[in-house]
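Asker: Under UniProt numbering, residues 1 to 1152 are what the sequence shown spells out, in order.
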Amino acid sequence: NWILIDLKAPTILRGFRTMSVQRFDGNVAFTSAVRLQYTDDLTDVFKDYTNPDGTAVEFRILEPTLSILNLPMPIEARYIRFRIQDYVGAPCIRMELMGCTRLDCVDINECAKNNGGCDQKCVNSPGSYGCSCNTGYQLFAANGTAGFSIERTETGERDGDTYQRNKTCVPLMCPPLLEPENGKLLTDKNDHHFGDVVRFQCNFGYIMSGSAAVLCLSTGQWNATVPECNYAKCVSLPDDKLEGLAVERPDPESVLVPFRDNVTITCSAPGRKLRNTATSGFRQCVYDPKPGLPDYWLSGSQPSCPRVDCYQPMPTPGAEYGQFVDTRFQSSFFFGCQNTFKLAGQTSRHDNVVRCQSDGIWDFGDLRCEGPVCEDPGRPSDGRQIARSYEQGSEVYFGCNRPGYILINPRPITCIREPECRVIKPLGVTSGKIPDSAINATSERPNYEAKNIRLNSATGWCGKQEAFTYVSVDLGQIHRVKAILVKGVVTNDIVGRPTEIRFFYKQAENENYVVYFPNFNLTMRDPGNYGELAMITLPKYVQARFVILGIVSYMDNACLKFELMGCEEPKKEPLLGYDYGYSPCVDNEPPIFQNCPQQPIIVRRDENGAVLPVNFTEPSAVDNSGSIARLEVKPQNFKTPSYVFKDTVVKYVAFDYDGNVAICEINITVPDVTPPLLQCPQSYVIELVERQDSYNVNFNDTRKRIKTSDESGDVRVTYTPESSIIPIGGYENVTVTATDKYNNRAFCHFQVSVQASPCVDWELQPPANGAINCLTGDRGIECIATCKPGFRFTDGEPLKSFSCETSRLWKPTSVVPDCVSENTEQADYQVTATVTYRANGAVAQACLNQYQDMLSQHYAGLNRLLSQRCSAVNVNMNVSFVKSVPSLLEENVVKMDFILSILPAVRQPQLYELCGSTLNLIFDLSVPYASAVIDSLLNISNIGNQCPPLRALKSNISRGFTCSIGEVLNMDTSDVPRCLHCPAGTYVITGQSVCTNCPRGYYQNRDRQGTCLRCPAGTYTKEEGSKALADCIPVCGYGTYSPTGLVPCLECPRNSYTSDPPTGGFKDCTACAQNTFTFQPAASTKDLCRQKCPSGFYSYTGLAPCSPCPVNYYQSAIGAQTCNECPTNMRTEGPGAKGREECKPVVCGEGA
């Protein structure tokens, strides 16, 4: 609560007085705490009367008596507001203000308080004051001052406004700037003010001329003008006359090169050339900012014209070169010869000073050193020698003549001074110079004696298994041994190759052998480089007459061939000779298989799944050497035709004599036609306790419960679908697919159903036009279904009770019948008069319709007449024939049902009944004369010659209220009964008085129906009274069953089956006949129950139909899927062997 006092003019307030108030109820009320607020303008914010620290002063009044409160500091204001902070009894007060009006004017320094409200400077003057601004600022006067405007929610006149007229200072605005041509203005402002800095940027390819930034000064002007953006140019490179370097520019008159233009660089001085790089002949003006360089420059290293380099001079046999500073143009050195040579020839300047010329070539002229020469070094067998001379320093090259042959070491040999041998050549093992008697071994095999150790032998030497196997050779005299040539043995009989050898030597027979250290290791490669030649060069020759080659380790067998290279011990050291001997030629091309199958060979099966023998042309190999040393087949005993029961790789390996190998791999694939073994998890129901419309199920969660296996290895399992949102009461069919690595698939199925947990209140669906209420008890749950006002159950019961004991089924059913409207049409009242006629002769069936047509001609008149008879009670009655239904009881007896409808003007049950009695009397033929009214109906004349005349014999009458098909009478009324519509899930035919539930296997989704709809084939309903097609769910069959016969279904276990489902589905599986079995669970027909294969037979499932095991195979078990091969060198007498004992050893006859 507050009190506002307007003093009409600014007045000095020094204090105030207060008193209490006597209220109407006799109690005294007064204000106990007051605060003051004041202002001179109601549009301004009221100021609190405060202490020096800024806190509001609160005046306390302790007693309900006269209280005088003086202000510590008077205030001057026009409007005074008293805010009641607290009170006693009620917020009541009586008061008076104390103060005065000024008599003289003393200048008030408005600037002393809050700077007069000025933003920057406040200037006081007598009776007034004004605001001013610092340098670079101006007072805000109106919208648009320096580009600033008052906010929409402000006026510019009140304290606290962002821009207050003549008080707020705003920075001076500089004139707008334009973007430089070919440049950009880097700012996000539209207006620029004092202190703003604006930067500029030139477009790519342009250079700024002028200031890159401008500053808005306190005068409102920019400190510089907008810069210019000129097309970029680079400073050209200088010429270098000393090196002969010239730079050609696009504009020879200007030292500036435009952006993206090139300059050409040339070298004109003799002996000087540009560097051999891609950019040595030009430079381009590019943007390439680097420290110490402009942004645009002729990027690249400094161009130069270096002297041509002749590089290190090639050595000349017997020559000695003098010193030279470098190898570049104009460098030189003296050419001299060693003391055993003499100088010959001269340079182009007729001296022996060799100079680096301008073309980069040393000027040797025909300078040379003439002296002694080396001997002819010979040549390899089937090889050639390439040599220009045998002089010192000259190189001799060798080559091979036979196609596919190469040198084991292609390096040339060089004629050198003071060699180890004049010529290094074979010492005679291969040539036969060393006799057989000089070759001995620790052991040997037939056809592989020590004498066959020579490299050109057709067999070679092979020792037996012993602690240390070696061969010894007597060279006949002392030789210098420089190299050892070693290879293994490869024939159709035996293979072997040393992988580590030890070399022994001595000069005299009475000396001990010297062991050469270390041992020599030879290469070893799969499947066997037995014939590969190894050349072991000794760093320093050994002097020996007797040598031993010992085999430390070997591949397969201790076999080898070898040769020694060197020379005879010279009587004096040679002056010239070769550093090495020539290398032998070896075959470098592997054999070639001419008919190796490129595609896998697929094993075929007969109609019973038995494998057929594999038959193909065996591969043959050729070699450039002219013959194959050895041909192997792996597995060793494989030959065509052959039976193969599992994937097999057959390798044909061809060896030549020099260690080259060719392999023909034939993949024999036995197609896996057997699907994986697969067993689905059992179908299951997810029961929900909490009410929800649907449930999200991830079927991958059942992966651990799937049982699957396959002989081929891992099986990939997929779900279709992987997940599903299943509505309550619905289900999902899940297909599990198991795929092996051969893409064979097995399928199984299971269902997942989502249902309400047994005995939950929301499991029952409330009736249409009704409600259901449930109560949970100790033994379960009780539910009551009722109808809304104006609706009822067709059987007249006021409510329906349903009960469910815990985890049991609902009783009497889980289907709640719907409520139907009571406000329906009134029932019709019909009279059915059945008249029996006798004919004068036999009546044909075709006559019935003709009799009917003849009688219908009288209906119009009879309608009027009968209506008059019923209207005798002064109420108009409308009687009309609805139809007539003829039938033939005997050949001359006809029955005719006349159906009449009664409709009174006033619908009362008594009127209907009164007219019905009248018609009953008229149609009663036992009452004389009463039936005269309907005489036209009782005697029917003949119709032509075909239909004889009829005469009525007797009659029978029934009457009452009736309804249409699908309706039943509501008799619970004293008025005319109404026809209730039978709800969905029920039906009724004419004449029935109650709605009947649709039986199981049927449903009805509409009301007022006379029949139910049969569920689609293969589906069935859980209960009677089903109301929707969705209630028809699949039945179990084709390898499945369930306790209810409906989904979710379980798979039949192995050795049982179900076939086409009966109407309600299978509730159990049928066991296979005795001694018959199924391969997989969920067998869908009786035909899948089969006998196991007996011993000696097999099939891909182990069940019939079976095939006998082929020759040389056996099977002792029953129900086998493959057969076992007899061991090597054993065979069976015929197919169908039942055990290994039927595999007999192969006995070769004499000479075989």
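For each residue, glycine too, the CB sits at the ideal point set by N, CA and C.
Kindly list the residues whose CB is nearer than 6 Å to the CB of C1069, restricted to its own chain and excluding five residues on each side of it in sequence; keep chain order.
Answerer: Y1041, C1052, S1056, T1058
Asker: How many whole angstroms separate the CB atoms of R402 and C585, which I take to be in contact at a CB cut-off of 8 Å?
Answerer: 7 Å
Asker: Please state whether the Cβ-Cβ distance between Q357 and G476 is less than 9 Å.
Answerer: no
Asker: Is the beta carbon of L631 sitting closer than 9 Å to the one on F616?
Answerer: No, the Cβ-Cβ distance between L631 and F616 is not below 9 Å.
Asker: State whether the region 838 to 853 contacts the region 946 to 959, with contact taken as three or more CB pairs (one from each stretch) at a distance under 8 Å.
Answerer: yes
Asker: Are the CB atoms of F802 and V816 nearer to each other than 9 Å?
Answerer: yes
Asker: In this structure, how does DSSP classify F699 when only helix, strand and coil are distinguished?
Answerer: helix
Asker: What is the residue span of the beta strand (DSSP E) that A785 lies within?
Answerer: 780 to 787
Asker: Measuring CB to CB, does V354 end up less than 9 Å from F341?
Answerer: Contact flag unset, no.
Asker: Checking the sheet assignment: what are the DSSP bridge partners for W810?
Answerer: W810 pairs with nothing; no bridge assigned.
Asker: My parser needs the beta strand (DSSP E) runs of 3 or more residues fully inside the region 171 to 229; what are they?
Answerer: 183 to 186, 197 to 202, 206 to 209, 213 to 215
Asker: Taking the alpha-carbon of V653 as reference, which of T834, V670, P619 has the nearest alpha-carbon?
Answerer: P619
Asker: Sort out for me which residues DSSP pairs V263 with in a bridge.
Answerer: R283
Asker: Here's the rule I'm using: 16 or more other beta-carbon atoms within 10 Å means buried, otherwise exposed. How should G626 be labelled?
Answerer: Looking at its Cβ environment, which holds fewer than 16 other Cβ atoms inside 10 Å, G626 is exposed.
Asker: Over what stretch of residues does the alpha helix (DSSP H) that includes D935 continue unbroken?
Answerer: 935 to 938
Asker: Mapping DSSP to helix, strand and coil, what is D1087?
Answerer: helix
Asker: Can you pull the DSSP bridge partners for F655?
Answerer: R630, V661
Asker: Measure the CB-CB distance between T491 and T469 and report whether it falls below 9 Å.
Answerer: no
Asker: How big is the Cα-Cα spacing for P886 and K895?
Answerer: Distance from the CA atom of P886 to the CA atom of K895, rounded to whole angstroms, is 6 Å.
Asker: How is the beta strand (DSSP E) around C369 delimited, first residue to last?
Answerer: 368 to 370
Asker: Give me the residue from V633, A662, V673 with the minimum Cα distance to F645.
Answerer: V673
Asker: Between the Cα of D159 and those of G117, V263, G770, A467, spot the shortest distance and give me the residue it belongs to.
Answerer: G117
Asker: Where does T11 fall in DSSP's three states?
Answerer: strand
Asker: Which same chain residues, not among the five before or five after N696, have their C-beta less than 7 Å away from its C-beta?
Answerer: S723, I725
Asker: How long is the line joining the alpha carbons of V28 and T65, rounded to whole angstroms?
Answerer: 10 Å
Asker: Does the region 998 to 1012 come close enough to the region 970 to 989 that 3 or more CB-CB pairs lie under 8 Å?
Answerer: yes
Asker: Quick check on C118: does DSSP put it in helix, strand or coil?
Answerer: Correct three-state label for C118: coil.
Asker: Just verifying my parser: in three-state terms, what is the DSSP assignment at I453?
Answerer: The answer is helix: DSSP assigns I453 an H, G or I state.
Asker: Taking the alpha-carbon of G1102 as reference, which of T1076, A1083, C415 has the nearest alpha-carbon?
Answerer: T1076
Asker: What does the alpha-carbon distance come out to for the pair N452 and N440?
Answerer: 11 Å
Asker: Grab me the residues of V875's own chain with a C-beta within less than 7 Å of its C-beta, minus the 5 sequence neighbours each way, in chain order.
Answerer: P904, A905, V906, L911
Asker: Taking L775 as part of the beta strand (DSSP E), name the residues at either end of that continuous run.
Answerer: 770 to 776
Asker: Quick one: give me the first and last residue of the alpha helix (DSSP H) that Q850 is part of.
Answerer: 845 to 856
Asker: Going by beta carbon distance, what residues of the same chain come within less than 8 Å of residue 1153, once the five residues before and after it are set aside?
Answerer: With the chain represented from 1 up to 1152, any question about residue 1153 goes unanswered, as that position is not in the structure.
Asker: Would the beta-carbon of T316 fall within 9 Å of that of G393?
Answerer: yes
Asker: Mark C664 as exposed unless 16 or more other C-beta atoms lie within 10 angstroms of its C-beta, in which case mark it buried.
Answerer: buried
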